[in-house]
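J.: I have a structure here, written as structure tokens, and I will follow up with some questions on it.
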Amino acid sequence: MEHVRSILQEIGLGGERLLFLTLPGTAAEDMALGAGEPALEGTSPTVAALIAAIRDRVLTTVEALPPSALRGAPADEAASIPPGSGSQQ
332 MEHVRSILQE IGLGGERLLF LTLPGTAAED MALGAGEPAL EGTSPTVAAL IAAIRDRVLT
392 TVEALPPSAL RGAPADEAAS IPPGSGSQQ
């Protein structure tokens, strides 16, 4: 994971964009849920709290991220750039 994070940093996207979070469970439970079958057991309060903590962490991280370098300038910013002053290809 650190290798991918360093690549993201190197290409200017920011390594902080990469998150890896896990939840407890088995492959059988995952397959059942993926197939639309009911979970084998109900979600315990501990797992529900873990899901809420992960959600909060993802939201906090996303809100703190700068704009992606892969996106173009916002429309109003791009409109204020005089013709011919952009990069030449």
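Here the numbering used here = 1-based position in the sequence shown + 331.
A virtual CB, placed ideally from N, CA and C, is assigned to each residue, including glycine.
Roughly how many angstroms separate the alpha carbons of Thr392 and Ala380, rounded to a whole number?
T.: Their backbone Cα atoms lie some 18 Å apart in a straight line.
J.: In whole angstroms, what is the alpha-carbon distance linking Ile382 and Leu354?
T.: So the alpha carbons of these two residues sit roughly 8 Å apart.
J.: Alpha carbon to alpha carbon, how far is Glu368 from Ala358?
T.: About 14 Å.
J.: Checking contacts by CB at 8 Å: is Glu394 closer than that to chain B?
T.: Given the protein chain composition of this structure (a single chain), no chain B is represented.
J.: Thinking C-alpha only, which one of Val335, Pro376, Ile342, Arg388 is nearest Leu401?
T.: Cα-wise, what sits closest to Leu401 is Ile342.
J.: The alpha helix (DSSP H) with Ala363 in it runs from where to where?
T.: Element bounds for Ala363: 358-365.
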